[in-house]
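Q:
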Amino acid sequence: MPNVNPATSRRHFMKFLAVSPLAAAAERPDPMVWAPFDPNTIITSPAEAVSVFDLEPACRENVPPAHFGYMASGVDNEDTLKANRADFQTFQLRPRRLNDVSKMDLSVDIFGATWGSPVYVCPIGGCGAYHPDGELAIARAARRGNHLQMLSTMASASIGDATKARGAPIVFQLYPTASFEVAKLLVKRAENAGSPAIAVTVDQSSGRKLETQLRLARDDDRDCTACHDRASPQASVARKGNWDGIELEKFGIRGIGATGLTWDFFKRLRDVTKLKILAKGITTAEDAELCVSHGLDGMVVSNHGGRAEDSGLSTIASLPEIVAAVKGRIPILIDSGFRRGADVVKALALGATVVGIGRPIVWGLGAFGEEGVARALEIIHLEARSIMGQLGARSVKDLTPGHVRRS
Ligand SMILES: Cc1cc2nc3c(=O)[nH]c(=O)nc-3n(C[C@H](O)[C@H](O)[C@H](O)COP(=O)(O)O)c2cc1C
Numbered sequence: 012m013p014n015v016n017p018a019t020s021r022r023h024f025m026k027f028l029a030v031s032p033l034a035a036a037a038e039r040p041d042p043m044v045w046a047p048f049d050p051n052t053i054i055t056s057p058a059e060a061v062s063v064f065d066l067e068p069a070c071r072e073n074v075p076p077a078h079f080g081y082m083a084s085g086v087d088n089e090d091t092l093k094a095n096r097a098d099f100q101t102f103q104l105r106p107r108r109l110n111d112v113s114k115m116d117l118s119v120d121i122f123g124a125t126w127g128s129p130v131y132v133c134p135i136g137g138c139g140a141y142h143p144d145g146e147l148a149i150a151r152a153a154r155r156g157n158h159l160q161m162l163s164t165m166a167s168a169s170i171g172d173a174t175k176a177r178g179a180p181i182v183f184q185l186y187p188t189a190s191f192e193v194a195k196l197l198v199k200r201a202e203n204a205g206s207p208a209i210a211v212t213v214d215q216s217s218g219r220k221l222e223t224q225l226r227l228a229r230d231d232d233r234d235c236t237a238c239h240d241r242a243s244p245q246a247s248v249a250r251k252g253n254w255d256g257i258e259l260e261k262f263g264i265r266g267i268g269a270t271g272l273t274w275d276f277f278k279r280l281r282d283v284t285k286l287k288i289l290a291k292g293i294t295t296a297e298d299a300e301l302c303v304s305h306g307l308d309g310m311v312v313s314n315h316g317g318r319a320e321d322s323g324l325s326t327i328a329s330l331p332e333i334v335a336a337v338k339g340r341i342p343i344l345i346d347s348g349f350r351r352g353a354d355v356v357k358a359l360a361l362g363a364t365v366v367g368i369g370r371p372i373v374w375g376l377g378a379f380g381e382e383g384v385a386r387a388l389e390i391i392h393l394e395a396r397s398i399m400g401q402l403g404a405r406s407v408k409d410l411t412p413g414h415v416r417r418s
């Protein structure tokens, strides 16, 4: 269980600030440290959050440095992480006046159901590291605004328990692993929980270096061996709900890595499940075209929030070429760097079907549990609603590429 004791968390936080690279980074511009940090101005209730950025320092105060570093980190130089934020500034919105927007409807239809918002919850592994209620708190918060939720293979809670907390089907994110038998067991678990779709993450094929995590972990003086026993493959999944009863060594694998993954995986998956199948981690028109030609039911344009490769290519910059390649044949989901309603509206106008939020969910969770997550979702949804009104769009369907220009 993570240390979220408020009495000790402050001590951890002050220590981490004193020695961490993020202290120096506090002078760096957005997006390395998004929220201006002043220990005297950390919010103490979700209602005080004016933007989602207000939740980040409150999360940072509660969460151990190694866990916070893992969440905040991008890979290597964090160029992709930064591009995910900076590139939104290169797209501007084009408001249209004198349209009646007295009645707004932000609902979206996807995966055979209607959701209350185009904003969905990304899959985030091990959310018990940020709050004892983890994904169950996230599910309960998503339920309030009827947000679509995806659950990670590596979630602390199982897909069955999260679905009960959400009160509606949850999309299951699948790490395929090097064993197809393990993939089948995980898919079965999702089927039993009533998932409408499997999102196969395809952007973690060759390992990665999360530098902020590595640095902040050095500042964490807790004994972490009870949860992170590197000698035992099973330890990496032992406390994760979806792995209950799955013995890695029995299947000859040592973790969730899948360096040998190819497009053939999707053909095999199609043979064993009737659920909709998506690829998560697409960033180019060529791979988008392959998603369509392999009969996939959708894709997630994602660079894992800057945690896949340090290409410097943001997802908002990738989106236009992907929309042009897909030509409306399958839904396009997108995530990575979305923090504002304006960011969401830009992607919807460019052709995305729904938009995923990652770290702000964790900021809300670490700061205030379910209430914090609900506040993060509410803020982004309300910002999007307000901006859509300014554009003269009463519904998501009213948004068009004409509402956006690129400078
Ligand atoms: C701490 C953390 C854990 C994540 N765990 C997973 C995961 O288990 N599976 C997955 O497909 N993506 C995972 N992601 C990526 C998210 O699903 C999503 O693509 C990304 O967070 C979106 O970018 P954003 O955080 O900038 O909003 C994780 C991201 C973070 C920050």
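All residue numbers for the sequence shown refer to my numbering, where the first residue is 12 and numbers rise by one.
For every residue, glycine included, the Cβ atom is placed at its ideal position computed from N, Cα and C.
In terms of residue numbering, what span does the alpha helix (DSSP H) encompassing Leu344 cover?
A: Here residue 344 refers to the residue found at position 333 of the sequence shown. No alpha helix (DSSP H) contains Leu344, which is instead part of the beta strand (DSSP E) from 343-345.
Q: With a cut-off of 8 angstroms, do at least 3 Cβ pairs link the segment 331-351 to the segment 297-316?
A: They touch, by the three-pair rule.
Q: Answer with buried or exposed for Gly306, where buried requires no fewer than 16 other C-beta atoms within 10 angstroms of its C-beta.
A: One-based indexing of the sequence shown puts residue 306 at position 295. Exposed.
Q: Exposed or buried, Gln215, counting other C-beta atoms within 10 Å across all chains shown (16 or more means buried)?
A: Along the sequence shown, one-based indexing puts residue 215 at 204. Classification for Gln215: buried.
Q: Where the beta carbon is closer than 5 angstroms to any heavy atom of ligand 1, which residues qualify, in chain order?
A: Any residue whose Cβ sits closer than 5 angstroms to a heavy atom of ligand 1 makes the list: Met82, Cys133, Pro134, Ile135, Gly136, Ser163, Met165, Gln184, Thr212, Ser313, His315, Gly316, Asp346, Ser347, Gly348, Gly369, Arg370.
Q: Look up Asp231 in the DSSP assignment and say whether it is helix, strand or coil.
A: Position 220 of the sequence shown, counted from the first residue, corresponds to residue 231. Three-state DSSP puts Asp231 in coil, outside helix and strand.
Q: Where does Gly137 land, buried or exposed, given buried means 16+ other C-beta within 10 angstroms?
A: Counting from 1 along the sequence shown, the entry for residue 137 is found at position 126. Looking at its Cβ environment, which holds 16 or more other Cβ atoms inside 10 Å, Gly137 is buried.
Q: Since His158 and Tyr186 are thought to touch, with beta carbons under 8 angstroms apart, how far apart are those beta carbons, to the nearest angstrom?
A: Looking up residue 158 in the sequence shown gives position 147. Looking up residue 186 in the sequence shown gives position 175. About 23 angstroms separates the two Cβ atoms, so there is no contact after all.
Q: Which of the three DSSP states is assigned to Gly136 in this structure?
A: Taking the sequence shown and counting its residues from 1, the one referred to as residue 136 is at position 125. Gly136: coil per DSSP, three-state reduction.
Q: Going by Cα to Cα distance, which pick from Pro50, Ser62, Leu66 is closest to Glu381?
A: On the sequence shown, residue 381 is found 370 positions in, with the first residue counted as 1. Ranking Pro50, Ser62, Leu66 by Cα distance to Glu381 puts Leu66 first.
Q: For Ile121, which of helix, strand or coil comes out of DSSP?
A: By one-based count along the sequence shown, residue 121 stands at place 110. Strand.
Q: State the start and end residues of the unbroken beta strand (DSSP E) segment that holds Ile288.
A: Your numbering for residue 288 matches position 277 in the sequence shown. Per DSSP, Ile288 belongs to the beta strand (DSSP E) from 287-293.
Q: Taking 8 angstroms as the threshold, find out whether the segment 320-337 comes into contact with the segment 293-304 through three or more Cβ pairs.
A: Contact holds: three or more Cβ-Cβ distances are below 8 angstroms.
Q: Report the option in Arg229, Thr326, Arg155 whose CA atom is closest to the CA atom of Pro76.
A: Working through the sequence shown from its first residue, we reach residue 76 at position 65. Measuring from the Cα of Pro76, the nearest candidate turns out to be Arg229.
Q: Starting from Gly256, follow the beta strand (DSSP E) in both directions and report where the run begins and ends.
A: In the sequence shown, residue 256 corresponds to position 245, counting from 1. Careful: Gly256 lies outside any beta strand (DSSP E) and carries neither H nor E.
Q: Quick check on Gln215: does DSSP put it in helix, strand or coil?
A: Residue 215 sits at position 204 when you count from the first residue of the sequence shown. Gln215 falls in the coil class under three-state DSSP.
Q: For Ser163, which three-state DSSP category applies?
A: Against the sequence shown, residue 163 aligns to sequence position 152. Coil at Ser163, not helix or strand.
Q: Rounding to the nearest angstrom, what Cα-Cα distance links Ser62 and Val355 in this structure?
A: Within the sequence shown, residue 62 is the residue found at index 51, counting from 1. Within the sequence shown, residue 355 is the residue found at index 344, counting from 1. When rounded, the distance between both Cα atoms is 14 angstroms.
Q: Suppose you measure from the CA of Thr164 to the CA of Asn110; what does that come to, to the nearest Å?
A: Counted from its first residue, the sequence shown places residue 164 at position 153. Counted from its first residue, the sequence shown places residue 110 at position 99. Taking the straight line joining both Cα atoms gives about 44 angstroms.
Q: What does a CB cutoff of less than 8 angstroms around Met115 pick up in its chain, not counting 5 residues either side in sequence?
A: As a working mapping, residue 115 is identified with position 104 in the sequence shown. Taken in chain order, the residues that qualify are Arg396, Met399, Gly400, Arg405, Ser406.
Q: Taking all protein chains shown into account, decide if Thr91 is buried (16 or more other Cβ within 10 angstroms of its Cβ) or exposed.
A: For this step, residue 91 is matched to residue 80 along the sequence shown. Thr91 is buried by the Cβ-count criterion.
Q: Where in the segment 57-102 do unbroken runs of the alpha helix (DSSP H), each at least 4 residues long, occur, reported from the N-terminal end onward?
A: Taking only runs of at least 4 residues, the alpha helix (DSSP H) segments lying wholly in the segment 57-102 are 66-73, 76-83, 90-97.
Q: Count the other C-beta atoms from every protein chain shown that fall within 10 angstroms of the C-beta of Pro129, then say buried if there are 16 or more, exposed otherwise.
A: Sequence index remark: in the sequence shown, residue 129 carries index 118 (1-based). It is buried - the Cβ of Pro129 has at least 16 other Cβ atoms within 10 Å.
Q: One question on the structure: do Val193 and Phe262 come within less than 8 angstroms of each other, judged by their Cβ atoms?
A: Position 182 of the sequence shown, counting from 1, holds the residue named residue 193. Position 251 of the sequence shown, counting from 1, holds the residue named residue 262. For Val193 and Phe262, yes; Cβs fall inside 8 angstroms.
Q: Which of helix, strand or coil does DSSP assign to Gly413?
A: For this step, residue 413 is matched to residue 402 along the sequence shown. In this structure, Gly413 counts as helix in the three-state DSSP scheme.
Q: Using DSSP bridges, identify the partner residues of Asp116.
A: By 1-based counting over the sequence shown, the position of residue 116 is 105. Paired residue(s): Ser406.
Q: For Ala242, is the classification buried or exposed, using 16 other Cβ atoms within 10 angstroms of its Cβ as the cut-off for buried?
A: For the purposes of this step, residue 242 is taken as the residue at position 231 of the sequence shown. Its Cβ having fewer than 16 others within 10 Å, Ala242 is exposed.
Q: Within the continuous beta strand (DSSP E) that includes Gly367, where are the two ends?
A: Residue numbering aside, residue 367 sits at position 356 when the sequence shown is read from its first letter. Note, Gly367: beta strand (DSSP E), 365-368.
Q: Check whether the segment 165-183 touches the segment 137-152, counting contact only when three or more Cβ pairs, one atom from each stretch, lie closer than 8 angstroms.
A: With the cut-off at 8 angstroms, the segment 165-183 and the segment 137-152 touch.
Q: Strictly by DSSP, which residues pair up with Ile209?
A: Residue 209 sits at position 198 when you count from the first residue of the sequence shown. Answer is Phe183, Ile288, bridged to Ile209.
Q: Leaving out five residues on either side along the sequence, give the residues of the same chain with a beta carbon under 7 angstroms from the beta carbon of Ala378.
A: Against the sequence shown, residue 378 aligns to sequence position 367. Leu66, Ala69, Cys70, Asn73, listed in sequence order.
Q: Would you call the CB atoms of Val373 and Leu221 closer than 8 angstroms?
A: The count along the sequence shown starts at 1 and reaches residue 373 at position 362. The count along the sequence shown starts at 1 and reaches residue 221 at position 210. Not in contact: Val373 and Leu221 (Cβ atoms no closer than 8 angstroms).
Q: Out of curiosity, what's the CA-to-CA distance linking Ile257 and Ala208?
A: Residue 257 sits at position 246 when you count from the first residue of the sequence shown. Residue 208 sits at position 197 when you count from the first residue of the sequence shown. Looking at the two C-alpha atoms, the distance is approximately 21 angstroms.
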